[in-house]
Amino acid sequence: MSMGMSKIVKTVSSVVFPFIVIYGLYIIAHGHLTPGGGFQGGAVVASGCAMLLVAHGSIWTIGKIREKQLSILESTGAVAFILLALLGLVFGTVFFKNFLVGNKFLFGEIPGYLSRVANFNTGGVLPLMNFAVGLKVIAGLFAIVLVMAYATSTFKKGEMEDGKR
Amino acid sequence: MFFDNLPALAVAVPLFGAFLTPLVSKIGDRARNVFVILVMGLTTTVVFLLVNDVFTNGIQTYVFGGSYQPGETVIRIFFEVDGLSAFMAIIAVVLPLVAVIYSWGFMKKETGLDKYYTLILLMTTGMIGLVLTGDMFNFFVFLEITSISSAALVAFWVNKGKAVDAGFKYIVISTIGALFVLFAIALLYGQYDALNMAVLANSIQYTFLDKMALVLLLVALAMKAGIVPMHMWLPDAYGCAPSSVTLVLIGATQASLYGVFRVVFTLYGRELTTAVNQVSLNVLLSVFIVALALATIVVGVLMALKQSNLKRMIAFAAVAEIGYMILAVGAALSTITVDSNTGVTMLTESGEMALKGGLFHIINDALDIGLLFLVAGAIYYATRETSVNKLGGLARNMKYTTVFFLIGLLAVSGMPPMNGFASKLLIYESTYQINPILAVIAILCSILLLAVFVKVFHSVFLGPKLSVFKDTKEVPKSMLLAMGIIAIVIVFFGIFPELVVNNIVQPAADALTDMLKNGLYVKAVLGVI
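Which chain is which? The protein sequence lines are A and B, in order. So in our numbering, the last one in the first sequence is 167, and the numbering has no gaps at all. So in our numbering, the last one in the second sequence is 654, and the numbering has no gaps at all.
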């Protein structure tokens with residue numbers, strides 16, 4: 003696992019990777035309109051990253067991104083989520099108040115009664131919270147996979163040295 | 126704005142702090158420690174303001190992300206804080222505060238501390254949420270938050286092998302317990318289309334499914350509270366976790382105990398006097414709970430006698446102490462009667478006293494056992510040794526720690542003038558009036574507990590100085606401060622028990638018997654009874 007797989011697998015996974023990421027981001031962004039949301043979309047993106055990890059090996063991946071950077075991203079996502087909830091307390095009256103509903107600019111529109119067209123610019127803080135959760139899940143899940151892959155690759159000493167060479 | 130949102134802030138502040146901790150720890154270790162203590166201090170302030178509000182103005186309700194009037198249907202995250210919740214919230218916030226102060230010195234040489242503090246703050250969030258929530262499903266969610274974070278903390282010393290085993294055992298037990306709870310919630314939801322505790326308490330019918338739900342909830346929460354015969358995870362978890370974590374774990378265990386009380390007295394409060402096969406529910410529950418309590422006390426004390434590992438010994442003493450609480454509450458349950466003339470449901474005077482004693486003992490146990498665990502941690506910090514047989518003569522090196530252990534010893538075995546005496550006396554007196562055998566067993570086991578700890582005190586602290594511990598020094602100031610805070614509170618509670626019982630315990634006891642008398646818990650949500 004530490005060395006990665008054949009050239010064919012590496013190339014194909016690199017080609018497919020952007021599509022998986024786009025699909026995951028689509029699920030996150032449309033969380034307030036369609037099934038799915040921050041967690042589901044984040045899991046899709048993280049599985050795309052895990053595919054790259056399997057194809058290219060953990061040594062290559064750990065050279066690109068560190069577990070610590072991922073953990074900062076994860077904390078940022080979580081902090082953003084709670085900050086949005088606290089902003090509800092500041093701009094509204096209660097914790098988790100959807101204070102963006104009603105404004106015209108940022109996700110604030112209220113769709114008409116029995117409106118059949120999915121309007122992206124609705125939902126108030128829900129899309130923003132989906133983004134925050136999505137960021138947390140992408141970073142969190144990928145950090146777990148990365149750490150586990152790296153730990154198993156360094157398990158046998160000889161293997162790790164091969165990877166470094 | 127600040128004062129209207131206290132119930133939400135009590136959960137939001139530690140949660141926010143938990144996720145900021147990894148970012149703050151990039152600045153430096155000292156900044157992180159100060160930050161965590163500040164967050165915990167702020168949480169404590171919020172909780173104490175909330176408690177004060179509840180004790181003066183009565184039950185507080187809070188709906189996340191919206192407003193409501195009593196009587197409206199609430200389908201949101203919902204908090205309802207009454208006297209019992211406030212009482213438990215005090216414990217749930219003071220223990221982690223002391224733990225993070227203690228950790229400053231105790232965990233200094235460890236790595237991965239950003240995760241450690243994040244988990245402690247998450248666990249605090251879970252415990253506070255658990256005791257403040259007024260919704261069954263939120264209760265399950267907070268139970269899970271507490272379990273997962275505490276399982277990770279139990280296994281914090283991964284390099285010491287046994288800790289992983291203990292953590293695994295804990296997560297398996299917690300998950301099974303949580304699934305039981307979830308199943309019970311599903312049974313209740315299927316019948317009454319509601320998850321709100323007050324709505325459920327108002328409409329519960331005590332059907333066959335309700336009986337199943339009651340059994341599932343009681344068994345699962347008793348398992349999480351470490352009641353014999355479901356206590357096997359507790360000595361491992363308490364013994365293998367770092368002492369600061371054990372202190373917070375005590376709070377988590379007692380939050381589960383809170384769940385038992387909430388289910389029995391509030392959720393099924395209306396049905397307590399319902400007869401099944403000529404035996405009313407309260408008597409049935411009372412026999413069941415008292416039998417478990419006696420088993421817990423006896424097994425806990427006897428197992429503590431034969432341990433040689435200091436932390437495992439204290440862990441078994443903790444098991445025994447939990448027995449005292451549920452003994453008092455179980456005995457109080459049996460005294461509920463319906464007056465045939467007026468139709469008023471009430472407890473006898475000794476029942477009320479037992480209830481107060483049991484609740485008072487919850488806070489006392491948290492302090493006493495907590496202090497003993499902190500002392501055990503201090504001994505481990507100074508000597509790297511946990512076996513009682515290998516320790517000796519430490520009083521000469523660690524004067525303050527010796528005094529703290531003595532205070533903890535006297536308190537846990539119910540000797541005057543410590544707080545343990547005050548609550549145990551209430552329990553002895555009231556259970557003696559209900560059934561003398563209960564009091565006799567309780568006193569006997571308390572004496573045995575004293576024997577256990579006197580033996581430990583003698584072998585660890587007294588005697589000549591051992592050459593191995595020649596260079597042993599007193600522990601850092603932050604650890605002494607943490608132990609000192611608890612010791613001062615113990616002595617204060619012991620000298621002025623009346624003050625504590627009247628101001629803190631009485632509202633909690635009133636909240637427990639509320640469903641039998643006034644139904645204020647339901648009224649706060651539904652508007653009418």
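Glycine included, each C-beta is placed from N, C-alpha and C at the ideal position.
| Asked | Found |
| --- | --- |
| Please classify LYS166(A) as buried or exposed, where buried requires at least 16 neighbouring CB atoms within 10 angstroms. | Any answer about LYS166(A) is weak, because its pLDDT of 45 lies below 50 and its placement is not dependable; what the coordinates show is given next. So LYS166(A) counts as exposed. |
| For ASN434(B), name the three-state secondary structure that DSSP assigns. | strand |
| Which runs of the beta strand (DSSP E), 3 residues or longer, sit entirely within the stretch 194-262 of chain B? | 203-206 |
| Which of helix, strand or coil does DSSP assign to TYR331(B)? | coil |
| May I ask you to check if the CB of LYS549(B) is nearer than 6 Å to at least one heavy atom of the ligand NAD? | Because no ligand of any kind appears in the structure shown, any question about the ligand NAD cannot be addressed here. |
| Provide the residue span of the alpha helix (DSSP H) that contains GLN71(A), from first to last. | 69-93 |
| Can you pull the chain A neighbours of LEU140(B), defined as C-beta to C-beta under 8 Å? | ILE84 |
| Please name the residues in the stretch 190-214 of chain B whose beta-carbon is closer than 8 Å to at least one beta-carbon of chain A, in chain order. | GLY190, GLY191, SER192, ILE202 |
| Apply the 10 Å Cβ neighbour rule to SER251(B) and answer buried if 16 or more other Cβ atoms are within range, or exposed otherwise. | Position check: residue 251(B) holds Gly in this sequence, whereas Ser was assumed. By the 10 Å Cβ count, GLY251(B) comes out buried. |
| For PHE182(B), count the other beta carbons within 10 Å of its own beta carbon; 16 or more makes it buried, fewer makes it exposed. Which is it? | Reading off the sequence shown, one finds Asn at residue 182(B), where the question assumed Phe. Its Cβ having fewer than 16 others within 10 Å, ASN182(B) is exposed. |
| Please list the segments of the alpha helix (DSSP H) lying wholly inside the stretch 339-386 of chain B, counting only runs of 4 or more residues, in order along the chain. | 358-365, 368-386 |
| Just tell me which of PHE281(B), ALA135(B), PRO622(B) has its CA closest to the CA of ILE488(B). | PRO622(B) |
| Can you pull the chain A residues whose beta carbon is under 7 Å from the beta carbon of PHE144(B), in chain order? | SER77, ALA80, VAL81, ILE84 |
| DSSP state of ASN321(B), grouped into three classes? | strand |
| Which runs of the alpha helix (DSSP H), 4 residues or longer, sit entirely within the stretch 386-441 of chain B? | 406-430 |
| Are the stretch 590-604 of chain B and the stretch 502-520 of chain B touching by the rule of at least three beta carbon pairs closer than 8 Å? | yes |
| Since GLY33(A) contacts GLY43(A) with CB under 8 Å, what's their CB separation in whole angstroms? | 7 Å |
| Quick check: is the beta carbon of SER73(A) nearer than 7 Å to any beta carbon in chain B? | yes |
| In chain A, which residues lie with their C-beta within 8 Å of the C-beta of LEU148(B)? | ILE74, SER77, THR78, VAL81 |
| Looking at the strands, I want to know which residues DSSP matches up with GLN185(B). | VAL206(B) |
| According to DSSP, simplified to helix, strand and coil, what is VAL164(B)? | helix |
| If I'm right that THR168(B) touches THR249(B) with Cβ under 8 Å, what's the distance once you round it to whole angstroms? | 7 Å |
| Can you look up VAL579(B) in the DSSP assignment and give me helix, strand or coil? | helix |
| In three-state DSSP terms, what is THR36(A)? | coil |
| Please go through the stretch 586-630 of chain B and give each complete alpha helix (DSSP H) segment of 4 or more residues, from N-terminal end onward. | 602-620, 622-625 |
| In the DSSP output, which residue or residues are listed as bridge partners for GLU111(A)? | THR124(A) |
| I need the boundaries of the alpha helix (DSSP H) containing LYS544(B), first residue and last residue. | Here residue 544(B) turns out to be Asn, not Lys, going by the sequence shown. Taken as a continuous stretch (DSSP letters only), the alpha helix (DSSP H) holding ASN544(B) covers 544-559. |
| How is MET471(B) classed by DSSP in three states: helix, strand or coil? | strand |
| With the cut-off set at 7 Å, would you say ALA120(A) and LEU35(A) are in Cβ contact? | yes |
| For a quick check, are the C-beta atoms of PHE204(B) and GLY142(B) less than 7 Å apart? | no |
| Is the shortest distance between the beta-carbon of ASN130(B) and the beta-carbons of chain E less than 7 Å? | Included in the structure are the protein chains A and B, with no chain E among them. |
| Measuring CB atoms only, is the stretch 265-283 of chain B touching the stretch 402-411 of chain B, in the sense that at least three cross pairs come out at less than 8 Å? | no |
| How about ALA137(B): is its C-beta nearer than 7 Å to some C-beta of chain A? | yes |
| Taking just the CA atoms, how far does ALA48(A) sit from GLU163(A)? | Caution is warranted here: a pLDDT of 46 is assigned to GLU163(A), below 50, making its placement in the model unreliable, and no coordinate value can be reported. |
| Just the chain B side, please: which residues come within less than 7 Å of GLY90(A) by C-beta, in chain order? | GLY190 |
| Which class does MET162(A) belong to by DSSP, given the choice of helix, strand or coil? | For MET162(A), the predicted structure reports a pLDDT of 46, less than 50, and the residue's modelled location is therefore unreliable. A value from the coordinates is still provided. MET162(A): helix per DSSP, three-state reduction. |
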